[in-house]
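Trainee:
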C-alpha cells in the first residue's frame with residue numbers, strides 16, 4: 333500500500349481541480365496538528381474515548397484526501413483498547429512522519 337491511493341487522488345483532482353486540491357493538501361498538516369494536540373492530551377489524561385475520537389478524525393481526514401497509509405494507521409488506533417503502556421508516543425511520531433511524507437507525495441503527484 334502506498335502513501336496515497338493514486339486512483340482516488342486523481343479522481344479528487346479531476347473533480348475539484350489541481351489548484352483546489354493543492355490548497356487542501358497544504359491545509360492537511362494544519363488540520364492534523366489541531367487533532368494531534370487533542371490526541372496528545374487524550375494520551376496524557378489516559379482518556380480512551382479521546383484517543384479513539386482523535387484517531388477517528390485523523391482517519392476521516394486521511395480518507396477524504398486518499399492518504400491510504402495514514403488512514404490505515406488511524407483505523408488501527410481507532411479501536412484502541414486502553415492499554416496506555418502501548419507505545420502511543422511512537423504511534424503519534426509515525427502519524428507525524430506519515431503526514432509529512434504524504435503531503436510531499438501529494439504535491440509531487442499534483443506537479444506531474
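Numbering (the numbering used here), first residue to last: 333 to 444.
A virtual CB, placed ideally from N, CA and C, is assigned to each residue, including glycine.
Fully enclosed by the region 352-383, which alpha helix (DSSP H) runs are 4 residues long or longer?
Mentor: Segments of the alpha helix (DSSP H) lying fully in the region 352-383: there are none.
Trainee: Once you ignore the five residues that flank residue 387 on each side, which residues in its own chain have a CB closer than 6 Å to its CB?
Mentor: 406, 409 and 410
Trainee: Go through its chain and collect everything with a Cβ distance to residue 357's Cβ below 8 Å, but skip five positions before and after it.
Mentor: 397, 435, 438, 439 and 442
Trainee: With distances taken Cα to Cα, identify the nearest neighbour of residue 385 among 394, 402, 395 and 367.
Mentor: 367
Trainee: Find out if the Cβ-Cβ distance for the pair residue 380, residue 412 is shorter than 8 Å.
Mentor: Result yes, Cβ atoms of residue 380 and residue 412 sit closer than 8 Å.
Trainee: Go ahead and label residue 423 buried or exposed: buried means 16 or more other beta carbons lie within 10 angstroms of its beta carbon, across all protein chains shown.
Mentor: Buried: at least 16 other Cβ atoms inside 10 Å.
Trainee: I think residue 400 touches residue 337, with their Cβ atoms under 8 Å apart; what is that distance to the nearest whole Å?
Mentor: 4 Å
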